[in-house]
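Protein chains in written order, with our numbering: chain A, 7 to 334; chain B, 7 to 334.
C-beta: ideal position from N, C-alpha, C; glycine also.
From a predicted model like this one, the values you see are computed outputs, not experimental measurements.
There are 2 protein chains.
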Amino acid sequence: MRGSNARVVILHRLRDREGFTSGQALARELGISRPGVWKHIESMRAEGYQIEAVPRLGYRLIASPDVLSAEEILPLIRTKAIGRRILHFENVTSTNDVARDLAVKGEPEGTVVIAETQGEGRGRLGRAWVSPPGGVYFSVILRPVLPPGRLGNVTLMTAVATAAAIREATGVDVTIKWPNDVMADGRKVVGILTEMLGEADAVNFVIVGVGINANTDPRQYPQSVRTSLTSLSAVLGEPVDRLTLAAAVLQHFDEDWTRLARGQFGDVLHDWRRMSSTLGATVRVSTVRGVFEGTALDIGPDGELIVAMPDGRKCTFTSGEVEHLRSA
Amino acid sequence: MRGSNARVVILHRLRDREGFTSGQALARELGISRPGVWKHIESMRAEGYQIEAVPRLGYRLIASPDVLSAEEILPLIRTKAIGRRILHFENVTSTNDVARDLAVKGEPEGTVVIAETQGEGRGRLGRAWVSPPGGVYFSVILRPVLPPGRLGNVTLMTAVATAAAIREATGVDVTIKWPNDVMADGRKVVGILTEMLGEADAVNFVIVGVGINANTDPRQYPQSVRTSLTSLSAVLGEPVDRLTLAAAVLQHFDEDWTRLARGQFGDVLHDWRRMSSTLGATVRVSTVRGVFEGTALDIGPDGELIVAMPDGRKCTFTSGEVEHLRSA
Chain A
7 MRGSNARVVI LHRLRDREGF TSGQALAREL GISRPGVWKH IESMRAEGYQ IEAVPRLGYR
67 LIASPDVLSA EEILPLIRTK AIGRRILHFE NVTSTNDVAR DLAVKGEPEG TVVIAETQGE
127 GRGRLGRAWV SPPGGVYFSV ILRPVLPPGR LGNVTLMTAV ATAAAIREAT GVDVTIKWPN
187 DVMADGRKVV GILTEMLGEA DAVNFVIVGV GINANTDPRQ YPQSVRTSLT SLSAVLGEPV
247 DRLTLAAAVL QHFDEDWTRL ARGQFGDVLH DWRRMSSTLG ATVRVSTVRG VFEGTALDIG
307 PDGELIVAMP DGRKCTFTSG EVEHLRSA
Chain B
7 MRGSNARVVI LHRLRDREGF TSGQALAREL GISRPGVWKH IESMRAEGYQ IEAVPRLGYR
67 LIASPDVLSA EEILPLIRTK AIGRRILHFE NVTSTNDVAR DLAVKGEPEG TVVIAETQGE
127 GRGRLGRAWV SPPGGVYFSV ILRPVLPPGR LGNVTLMTAV ATAAAIREAT GVDVTIKWPN
187 DVMADGRKVV GILTEMLGEA DAVNFVIVGV GINANTDPRQ YPQSVRTSLT SLSAVLGEPV
247 DRLTLAAAVL QHFDEDWTRL ARGQFGDVLH DWRRMSSTLG ATVRVSTVRG VFEGTALDIG
307 PDGELIVAMP DGRKCTFTSG EVEHLRSA
């Protein structure tokens, strides 16, 4: 874990200025000695910050390392509920596991766990989520007043927030495949895993894990998933700015989560419809009850898919795998 | 934690016989030396077993300590899914917490965690469950194929199993107050806390915690709950056999869980109706939507309470606090 308040302040000041910031000014603001400021500068350099130091002039930031640390992200977001505390790790087993252990110990809503890589990144139903360097992997702790049956709303909201943020931060025109697959060029670029600890009629806490294939190389993925996954950099032909992307996702997450918590899930669904590639498409839905084909008409008030069958009947699906047979 | 296979076998043999069991026979069956048998006997004596040892005759069990250890319970149950592994502790924070930590690490379905006392026993919604010596406190790990919204079925099933077992093992004519309060003399004698770790549409594992006020002294409870709680021994005027009770509860739990897992929840509801004191009673239901009064008619297919209002309408409640204003 990295980060301290002093460093956040130092970075903030260095970024605010084109020229040099004096060590004395920093020392005064932080209430520490000038050698104390120098120590922080040294440790930041060790982590990849390029900081010029000139006697009598002070410090100047030349380049930041490509890490999603709290001090890099915090100045870029203006969130209410999410990311007031950001814990950044080089490598974890899974950000969801770290967040869950924290939540069990009472960590409050909004805390974000970010990692550069995950050794045992997980997807839904125990599947693996390959998490090499270059991706954006984070988990958010939520403590919603929500019956467990409504957890799907949180996953859907996360897909909406992530897709909107990717569009905004990278320009990649991602779409959402029902219920919550964020797609680019017909392949998945985001994995979402929503987990909860709850009672029969009350959720204790929810962990929402998001893995974005940002600058990952699809050739790093196992053969078995290479046809179904891609990355934003592969689609664009150049790397995306991970920091801008991570900040945008947290910002959108904060806004959409606030809407959901206020009971404005309808507004979230509105955005879902706007970005969905499923509505209007001819779809094949595979469920435990069987396989159904028809035209995807709409999404219901709880995120369920409404499909018009060839015989005119309407079917509603709350779960299942969807294939797009023909686009809208 | 106590228990080893050798001790289970020794206890089994000693219990099977009125007279003495020779140390040589035990040594042969266990494949250990006679001094090895003696060591086990010694450690059992240290835990409160009264075992007579007579040279050339062997060993004879005179009395067992009042502990709910694996070796005491296992010979009394014939379960299929539940209690194949029983972990017994003198004191834990909460059996649900111990079971949850085990489940996170992959502990299979059916493992039971029992404790003589709980330092931080929990009830629903973070309330405390006072757990002094004399109670029966255990948690069961389940790994059901169940959507999270159906978790209430597990709680209801647990109330049915526990009530049936208490009736059978102690003769106390407990009843069930909707949805899952097991009552004696109008007061609660059992606390049930069902918790899960799950995803939006799949349960990873469920921990069902049961706390039975068996031989506890109601004067040990805090003033605030003394009017609403009692114990089986207080109702009976004499202690119950905790071991017989614990074994009966696990046996019934195993049977009812098997029914639930097979989709025979209707059969469980049948037993619920048979033991319920709510059906037919005039009830006051307090919910987030308001307070309603009427006559409790029936329980629906998912455990919901169906109430006839004075104006003839029927209302269905999936959650809420029920008061019995007038019995059936």
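Per-residue DSSP class, three states only, for residue i
i	result
Lys194 (chain B)	strand
Ser333 (chain A)	coil
Gly215 (chain A)	strand
Met50 (chain B)	helix
Ile83 (chain A)	coil
Gly9 (chain A)	Residue placement at Gly9 (chain A) cannot be trusted, given a pLDDT of 43 that sits under 50; what the coordinates show is reported in the next sentence. Of the three classes helix, strand and coil, the one that applies to Gly9 (chain A) here is coil, per DSSP.
Ile16 (chain A)	helix
Ile172 (chain A)	helix
Lys45 (chain A)	helix
Phe323 (chain A)	strand
Arg66 (chain A)	strand
Leu235 (chain A)	strand
Leu157 (chain A)	helix
Met163 (chain A)	helix
Glu35 (chain B)	helix
Asp317 (chain A)	coil
Gly141 (chain B)	coil
Gly204 (chain A)	strand
Val209 (chain B)	strand
Asp187 (chain A)	strand
Distance between residue j and residue i (C-alpha atoms, nearest Å)
i	j	result
Val289 (chain A)	Ser100 (chain A)	33 Å
Ile312 (chain A)	Met281 (chain A)	17 Å
Ser145 (chain B)	Asp262 (chain B)	16 Å
Gly112 (chain A)	Ile47 (chain B)	45 Å
Thr293 (chain A)	Ser325 (chain A)	7 Å
Leu199 (chain A)	Ile213 (chain A)	8 Å
Arg84 (chain B)	Gln257 (chain B)	7 Å
Ser75 (chain B)	His94 (chain B)	5 Å
Leu235 (chain A)	Gly286 (chain B)	58 Å
Ile16 (chain A)	Leu32 (chain A)	7 Å
Ala170 (chain A)	Arg193 (chain A)	17 Å
Pro41 (chain A)	Glu96 (chain A)	28 Å
Gln30 (chain B)	Pro71 (chain B)	25 Å
Ser39 (chain A)	Val14 (chain A)	17 Å
Ile120 (chain A)	Glu310 (chain B)	41 Å
Asp223 (chain A)	Ser237 (chain A)	7 Å
Asp103 (chain B)	Asp260 (chain B)	21 Å
Val328 (chain A)	Ala206 (chain A)	29 Å
Ser239 (chain B)	Asp187 (chain B)	18 Å
Arg8 (chain A)	Arg19 (chain A)	Reliability of the predicted coordinates at Arg8 (chain A) is poor, the pLDDT of 37 falling under 50, and the value obtained from them is presented with this limitation in mind. Distance between the alpha carbons of Arg8 (chain A) and Arg19 (chain A): 19 Å.
Met50 (chain B)	Ala267 (chain A)	56 Å
Ala69 (chain A)	Ala252 (chain A)	18 Å
Thr322 (chain A)	Ile305 (chain B)	27 Å
Asp308 (chain B)	Gly197 (chain A)	33 Å
Val255 (chain A)	Val110 (chain A)	25 Å
Pro61 (chain A)	Thr161 (chain A)	52 Å
Val151 (chain B)	Leu152 (chain A)	21 Å
Sequence-distant residues of its chain with Cβ nearer than 7 Å to residue i (five each side left out)
i	result
Gly127 (chain A)	Ser100, Ala134, Trp135, Val136, Ser137, Tyr143, Gly217
Glu115 (chain B)	Ala87, Ile147, Leu148, Arg149
Asp273 (chain A)	Arg265
Pro154 (chain B)	Met202, Gly204, Val209
Ala314 (chain B)	Gly300, Thr301, Leu303, Lys320
Thr27 (chain A)	Arg19, Leu20, Gly64, Tyr65
Other residues of its chain near residue i: CB distance less than 8 Å, five sequence neighbours each side excluded
i	result
Arg226 (chain A)	Reading off the sequence, residue 226 (chain A) comes out as Gln, not Arg. Only Val136, Pro138 meet the Cβ criterion.
Arg21 (chain B)	Leu67, Pro81
Thr233 (chain A)	Arg193
Asp179 (chain B)	Arg173, Ala190
Neighbouring residues, chain C, relative to residue i (Cβ below 8 Å)
i	result
Thr161 (chain B)	Among the protein chains of the structure shown, namely A and B, there is no chain C.
Beta-carbon contacts of residue i that lie in its chain and below 6 Å, excluding the five residues immediately before and after
i	result
Thr117 (chain A)	Arg91, Ile147
Phe271 (chain A)	Asn159
Thr284 (chain A)	Lys183, Trp184, Ala302
Gly54 (chain A)	Pro71
Thr123 (chain A)	Asn97, Ser137, Pro139
Stretch-stretch touch, CB-based, cutoff 8 Å, three pairs: the segment 237-253 of chain A with the segment 146-165 of chain A:
no
Ranges of the beta strand (DSSP E) found wholly within the segment 70-139 of chain A, counting only runs of at least 3
92-98, 118-124
If you scan the segment 238-303 of chain B from start to end, which runs of the alpha helix (DSSP H) of 4 or more residues do you find wholly inside it?
238-242, 248-267, 271-281
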